[in-house]
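Trainee: In our numbering, the protein residues as written are 50 to 776.
1) Measuring only the C-alpha atoms, how far is residue 189 from residue 112?
2) Would you mind listing the beta strand (DSSP E) stretches within the stretch 712-743 that are 3+ residues and don't spill past its ends, in chain order?
3) Just checking, does the stretch 450-466 make contact with the stretch 355-374 on the three C-beta pairs under 8 Å criterion?
4) Consult DSSP for residue 282 and reduce its assignment to one of helix, strand or coil.
5) Let me confirm a value: residue 716 is counted as buried when at least 16 other C-beta atoms fall within 10 Å, else exposed. Which label applies?
6) Go ahead and pull the three-state DSSP assignment for residue 199.
7) So, are the CB atoms of residue 667 and residue 622 less than 8 Å apart?
8) According to DSSP, is residue 535 part of a helix, a strand, or is it coil?
9) Drop a sphere of 10 angstroms on the beta-carbon of residue 526, count the other beta-carbons inside from all chains shown, and report buried for 16 or more, exposed for fewer.
10) Using 8 Å as the cut-off, can you tell me whether the stretch 475-493 makes contact with the stretch 567-581, which would need three or more C-beta pairs spanning the two stretches below that distance?
11) Can you tell me the Cα-Cα spacing of residue 515 and residue 303, whole angstroms?
12) What's the C-alpha gap between residue 792 and residue 465?
13) Using only alpha-carbon positions, find the residue among 447, 402, 379, 474 that is nearest to residue 435.
14) According to the neighbour-count rule (16 or more other Cβ atoms, all chains shown, within 10 Å of its Cβ), is residue 708 buried or exposed?
15) Using three-state DSSP, classify residue 411 as helix, strand or coil.
16) Determine the direct distance from the alpha carbon of residue 390 to that of residue 802, and round the result to whole angstroms.
17) May I have the straight-line CA-CA distance separating residue 575 from residue 743, to the nearest angstrom?
18) Pull up the CB-CB distance for residue 76 and residue 129, whole angstroms please, since I reckon it's below 8 Å.
19) CB-CB under 8 Å to residue 341, same chain, minus the five flanking residues each way: which ones, in chain order?
20) May I have the straight-line CA-CA distance separating residue 116 from residue 131, to the nearest angstrom?
21) With a CB to CB cut of under 7 Å and the five nearest residues on each side skipped, what residues in its chain are close to residue 745?
22) Please look up how many angstroms separate the CB atoms of residue 402 and residue 423, rounded, as I've assumed it's under 8 Å.
23) Is residue 155 helix, strand or coil by DSSP?
24) Between residue 589 and residue 328, what straight-line distance do the alpha-carbon atoms span, to the nearest angstrom?
25) I'd like to know whether the C-beta atoms of residue 727 and residue 696 end up nearer to each other than 8 Å.
26) Can you tell me which residues form a DSSP beta bridge with residue 186?
27) Can you pull the DSSP bridge partners for residue 55?
28) Would residue 694 and residue 602 be called neighbours here (beta carbons separated by less than 8 Å)?
29) Are the beta-carbon atoms of residue 221 and residue 281 separated by less than 8 Å?
30) Nearest by alpha-carbon distance to residue 510: which of 298, 152, 214, 626 is it?
31) So which of 463, 292, 254, 418 has the shortest CA-CA distance to residue 355?
32) With burial defined as no fewer than 16 other Cβ atoms inside 10 Å of the residue's Cβ, what is the status of residue 289: buried or exposed?
33) Grab me the residues of residue 461's own chain with a C-beta within less than 8 Å of its C-beta, minus the 5 sequence neighbours each way, in chain order.
34) CB of residue 371 to nearest heavy atom of the ligand MN: below 7 Å?
35) Thinking residue 533 and residue 555 are a contact (beta carbons under 8 Å), I'd like their distance in whole angstroms, please.
36) Excluding the 5 residues preceding and the 5 following residue 600 in the sequence, name in chain order all residues of the same chain whose CB lies nearer than 6 Å to its CB.
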């Protein structure tokens, strides 16, 4: 038997590294919050590196060693250890015994693999047949640190959502109790039909009993009808309340949170609340109803014949044991087939998307054979899965039907021996039928509880994150009189272990009411500097000032309401053009709107549309070109009428004519505003009051276009081809 290993499932696609570290910390007796491990690992949208996991492990008190090992050397290392799996995932190897390898995969669960499976997934260098592993052992510091887990699952907060519906829930429980009692009467009525009505040949009595059963059926249907309406009312309200609170919290989080989360992970959390609501108002109540039935009918069965109840209880225990016995093998098969199915899906996408290259390189047959090979592997797993399902289902059916036949035999024997009436036999058959359903529902309830618990953990993670503007922190809502921006000794590095700083010791002054342009080669840190000015992130070192006031002392809403922004990846909503420009305005100011359209030189395009400003664009509307998209984003920034304007490649998708017109229009709009422009095309920045040249995160030159051109330095070399300058 494998030793017990504490398993945690990863919550997000990129959480495998921190989750592995959480499991190993728990293995050695420490419980650490996942969010803390994420921060220590410096997780990013692309996940974490082995270096990030190693550094995080050392910060919580582990000694670590990253090594390349042969497969045979795995038998000699200290376990548990983290393995780099399929070159894009982390798993834990926690036990090896007799060529069986116990793996804790945070994306799947605890699984047992053969040596061949481990080789296939772990070996990263086909030449040396080596794979990468991270060895960990706890130091005294690990045990000296305090337990930092504050991530206990709390159902109490969820039940608060139900408090407002106490009366409805009471009515629901009352209805469940009434339905149980109505069902409880049925076997006794059935018995009386046979024992009294049939045996005495009293047709009138049978008719009375059948009429009573009709009334019972009508009563049960009525109770179920009312219960469904009450459940719909409660579940809808609870669902909306949980989701609204989640969205409120989500919108309070800093922008940097969304840079490290995959869209699918955030959407999954929004789906999680549905699982919780379904569990609270559906699965839990239905199972409660089933358990009440199980308890009541068990007592009735004991009342009729305790020996028959013993047979039922023993067979049900055997049935549950048989079903659960296959879960481990099913999990392993699902794990393997999921991997092959994922490759198959990727392969099909490649075939479709890469058809042009496939045909140009005459590799149709090779690619088709590659796909057929995957189909053969998938078929093999499907055969194994079907065989396993047949064994599981066949055994379960055999146990269940054998139990029913045995009970039928025992009741029939009891009738023949005279210890049981024929009516009682019919009643027992009905009772056994009513008892079978709760046993099946109980298995489903356990699975539903596990899913809801994981979903609750995911939601709790979000609710435990710090808000962008904490309630207990006092921030300024007014900007100072001096609105110049001053950057002192600024250094910034994106989250991820081993990353070089993107900005290094930046010192700049962006004067109020002037236009400042930032130029440089790709990757020089221009957009990152802009994001720091917009407070997407906080710098690791240094400060940004507005006048004499630090930028981080100003309320986010106050700062952003003073900023008009056009980013490279600005978003177009699935809405009308009018509402895309006047974002957030319930009743747009048409004078401001007309002015914004004029400056963005987009009026002619809008006038050519049948619905003009009411034309729907975005993912669910009319398609627009990149140039039209950029002009709408410029119009949005102008409509806001801000003091600060930040443009990041705002005109790079425009043709020369449109760019010239818009640039001339913006010159007038820029007057008395503080403007920061990031650009590659120098035609948009040559008239700036100050031009800053950046390279590799440093400021190398600054001055006007003429001053920098005369210097014949970095800026001159960058622009001479574009502006046809002489050497």
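Every residue gets a Cβ at the ideal spot worked out from N, C-alpha and C, and that includes glycine. The structure displayed is predicted, hence computed values, not measured ones.
Mentor: Reading off the structure:
1) The count along the chain shown starts at 1 and reaches residue 189 at position 140. The count along the chain shown starts at 1 and reaches residue 112 at position 63. Approximately 10 Å between the Cα atoms of the pair.
2) At a cut-off of 3 residues, the continuous stretches assigned as beta strand (DSSP E) that sit fully inside the stretch 712-743 are 723-727.
3) Because the criterion of three Cβ pairs below 8 Å is met, the stretch 450-466 and the stretch 355-374 touch.
4) Counting from one through the chain shown, the residue named residue 282 turns up at place 233. Residue 282: helix per DSSP, three-state reduction.
5) Residue mapping note: residue 716 aligns to position 667 of the chain shown, counting from 1. With fewer than 16 neighbouring CB atoms inside 10 Å of its own CB, residue 716 falls in the exposed class.
6) Here residue 199 refers to the residue found at position 150 when the chain shown is read from its first residue. In this prediction, residue 199 scores a pLDDT of 47, lower than 50, which makes its location untrustworthy; no coordinate-derived value is stated.
7) Taking the chain shown and counting its residues from 1, the one referred to as residue 667 is at position 618. Taking the chain shown and counting its residues from 1, the one referred to as residue 622 is at position 573. Taking 8 Å as the Cβ cut-off, residue 667 and residue 622 qualify as a contacting pair.
8) Numbered from 1 along the chain shown, position 486 holds the residue referred to as residue 535. In the three-state DSSP reduction, residue 535 falls in the strand class (E or B).
9) Translated into positions along the chain shown, residue 526 becomes position 477. With fewer than 16 Cβ atoms within 10 Å of its Cβ, residue 526 is classed as exposed.
10) Taking a cut-off of 8 Å for Cβ pairs, the stretch 475-493 and the stretch 567-581 do not touch, as fewer than three such pairs fall below it.
11) By one-based count along the chain shown, residue 515 stands at place 466. By one-based count along the chain shown, residue 303 stands at place 254. A straight-line Cα-Cα distance of about 9 Å links residue 515 and residue 303.
12) For the chain, the structure presents residues 50 to 776; residue 792 sits outside this window and is missing.
13) Residue 435 sits at position 386 when you count from the first residue of the chain shown. The option with the nearest alpha carbon to residue 435 is 379.
14) If you number the chain shown from 1, residue 708 lands on position 659. Buried, because 16 or more other Cβ atoms sit within 10 Å of the Cβ of residue 708.
15) The count along the chain shown starts at 1 and reaches residue 411 at position 362. Here residue 411 sits in coil by DSSP.
16) Not covered by the structure: residue 802. The range shown for the chain is 50 to 776.
17) Position 526 of the chain shown, counting from 1, holds the residue named residue 575. Position 694 of the chain shown, counting from 1, holds the residue named residue 743. Between residue 575 and residue 743, the C-alpha separation is close to 7 Å.
18) On the chain shown, residue 76 is found 27 positions in, with the first residue counted as 1. On the chain shown, residue 129 is found 80 positions in, with the first residue counted as 1. Indeed they touch by this definition, with Cβ atoms about 6 Å apart.
19) Here the question's residue 341 lines up with position 292 in the chain shown. Cβ-Cβ distances below 8 Å link residue 341 to 225, 226, 229 in the same chain, with the five nearest sequence neighbours on each side left out; the list follows chain order.
20) By 1-based counting over the chain shown, the position of residue 116 is 67. By 1-based counting over the chain shown, the position of residue 131 is 82. Inter-residue distance for residue 116 and residue 131 is about 11 Å (C-alpha atoms, whole angstroms).
21) For the purposes of this step, residue 745 is taken as residue 696 along the chain shown, with counting starting at 1. Closer than 7 Å at Cβ, skipping near neighbours: 573.
22) Taking the chain shown and counting its residues from 1, one reaches residue 402 at position 353. Taking the chain shown and counting its residues from 1, one reaches residue 423 at position 374. Contact doesn't hold; Cβ gap of about 17 Å is too wide.
23) Within the chain shown, residue 155 is the residue found at index 106, counting from 1. Coil.
24) Within the chain shown, residue 589 is the residue found at index 540, counting from 1. Within the chain shown, residue 328 is the residue found at index 279, counting from 1. Cα to Cα, residue 589 sits roughly 43 Å from residue 328.
25) Along the chain shown, one-based indexing puts residue 727 at 678. Along the chain shown, one-based indexing puts residue 696 at 647. Going by C-beta atoms, residue 727 is nearer than 8 Å to residue 696.
26) Residue 186 sits at position 137 when you count from the first residue of the chain shown. Residue pairing for residue 186: DSSP places it in a beta bridge opposite 112.
27) Along the chain shown, read from residue 1 onward, the residue named residue 55 stands at position 6. Beta-bridge pairing links residue 55 to no other residue.
28) Within the chain shown, the letter at position 645 stands for residue 694. Within the chain shown, the letter at position 553 stands for residue 602. No, the pair does not count as a contact, with Cβ atoms beyond the cut-off.
29) Counting from one through the chain shown, the residue named residue 221 turns up at place 172. Counting from one through the chain shown, the residue named residue 281 turns up at place 232. With contacts defined by Cβ atoms closer than 8 Å, residue 221 and residue 281 do not form a contacting pair.
30) Counting from 1 along the chain shown, the entry for residue 510 is found at position 461. With distances taken between Cα atoms, residue 510 lies closest to 298.
31) Along the chain shown, read from residue 1 onward, the residue named residue 355 stands at position 306. For the residues 463, 292, 254, 418, the minimum Cα distance to residue 355 belongs to 463.
32) The sequence position of residue 289 within the chain shown is 240, counting from 1. So residue 289 ends up on the exposed side.
33) For this step, residue 461 is matched to residue 412 along the chain shown. Answer for residue 461: 474, listed in chain order.
34) With respect to small molecules bound, the structure shown includes none, and the ligand MN cannot be examined in it.
35) One-based indexing of the chain shown puts residue 533 at position 484. One-based indexing of the chain shown puts residue 555 at position 506. Contact flag wrong, Cβ pair sits at about 16 Å.
36) Working through the chain shown from its first residue, we reach residue 600 at position 551. Cβ neighbours of residue 600 within its own chain (closer than 6 Å, five residues either side excluded): 593.
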